[in-house]
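**Q** Using this note's numbering, you'd call the opening residue of the sequence shown number 170 and step up by one each time.
Beta carbons are placed, not taken as given, at the ideal position from N, Cα and C, and that holds for glycine.
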Amino acid sequence: VQLQASGGGLVQAGGSLRLSCAASGSIFGINDMGWYRQAPGKQRELVALIASGGNINYADSVKGRFTISEDNAKNTVYLQMNSLKPEDTAVYYCTLNLRRRGRYWGQGTQVTVSS
Numbered sequence: 170v171q172l173q174a175s176g177g178g179l180v181q182a183g184g185s186l187r188l189s190c191a192a193s194g195s196i197f198g199i200n201d202m203g204w205y206r207q208a209p210g211k212q213r214e215l216v217a218l219i220a221s222g223g224n225i226n227y228a229d230s231v232k233g234r235f236t237i238s239e240d241n242a243k244n245t246v247y248l249q250m251n252s253l254k255p256e257d258t259a260v261y262y263c264t265l266n267l268r269r270r271g272r273y274w275g276q277g278t279q280v281t282v283s284s
């Protein structure tokens, strides 16, 4: 299983970015897929997850600003990030949780929001 994330970059506060993550390999039995992030000196934290049944979980800090979506046919998940704040600056990691095989992680993509 491989996860390829893209779409990070540098943006001014109030701007938008869209992250994409494509899963490849032996993909079946998906529990959930989504994004975590890790800022310098902080622990990795949940940003947004979408479960196989469609249930979505967002971190309180991103509710109303970020939207997660998926394309099941392409095993791809997206994260639309609007109204970005400097505190959103972090490395964003794509993640995929498969039944009986556990959670996989992508390589991370840097998001930097300047004030």
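Using CA atoms only, rank isn't needed, just tell me which of Lys254, Ser195 and Gln181 is closest to Asn266.
**A** What you label residue 266 is simply residue 97 of the sequence shown in a count that begins at 1. Nearest of Lys254, Ser195 and Gln181 to Asn266, Cα basis: Ser195.
**Q** List the whole-angstrom C-beta distance separating Gly178 from Leu172, where the pair is believed to meet the contact cut-off of C-beta under 8 Å.
**A** As a first step, residue 178 is located in the sequence shown; it is residue number 9 there, counting from the start. As a first step, residue 172 is located in the sequence shown; it is residue number 3 there, counting from the start. Actually they do not touch by this definition, with Cβ atoms about 19 Å apart.
**Q** Nearest-angstrom Cα distance between Val180 and Tyr205?
**A** Residue mapping note: residue 180 aligns to position 11 of the sequence shown, counting from 1. Residue mapping note: residue 205 aligns to position 36 of the sequence shown, counting from 1. Rounded to the nearest angstrom, the two C-alpha atoms are 19 Å apart.
**Q** Mind checking which residues open and close the beta strand (DSSP E) that includes Leu265?
**A** Residue 265 sits at position 96 when you count from the first residue of the sequence shown. Leu265 -> beta strand (DSSP E) spans Ala259 to Leu267.
**Q** Going by beta carbon distance, what residues of the same chain come within less than 7 Å of Thr258, once the five residues before and after it are set aside?
**A** Within the sequence shown, residue 258 is the residue found at index 89, counting from 1. Answer for Thr258: Ala208, Val280, Thr281 and Val282, listed in chain order.
**Q** Can you give me the Cβ contacts of Ser252 inside the same chain, cut-off strictly under 7 Å, excluding the 5 residues immediately before and after it?
**A** Here residue 252 refers to the residue found at position 83 of the sequence shown. Gly183 and Arg234, listed in sequence order.
**Q** List the endpoints of the continuous beta strand (DSSP E) containing Asn200.
**A** As a working mapping, residue 200 is identified with position 31 in the sequence shown. It spans Ile199 to Gln207 - the beta strand (DSSP E) in which Asn200 sits, taken as one unbroken run.
**Q** Since Arg187 is in the beta strand (DSSP E), which residue starts that stretch and which ends it?
**A** Locating residue 187 in the sequence shown gives position 18, where the first residue counts as 1. It spans Leu186 to Ser193 - the beta strand (DSSP E) in which Arg187 sits, taken as one unbroken run.
**Q** Does the Cβ-Cβ distance between Ala191 and Thr245 come in under 7 Å?
**A** By one-based count along the sequence shown, residue 191 stands at place 22. By one-based count along the sequence shown, residue 245 stands at place 76. Taking 7 Å as the Cβ cut-off, Ala191 and Thr245 qualify as a contacting pair.
**Q** By Cβ distance below 7 Å, which residues in the same chain neighbour Ile219 in space, the five residues on each side in sequence not counted?
**A** The sequence position of residue 219 within the sequence shown is 50, counting from 1. Cβ neighbours of Ile219 beyond the five flanking positions: Asp201, Met202, Gly203, Ile225, Ile237, Glu239 and Val246.
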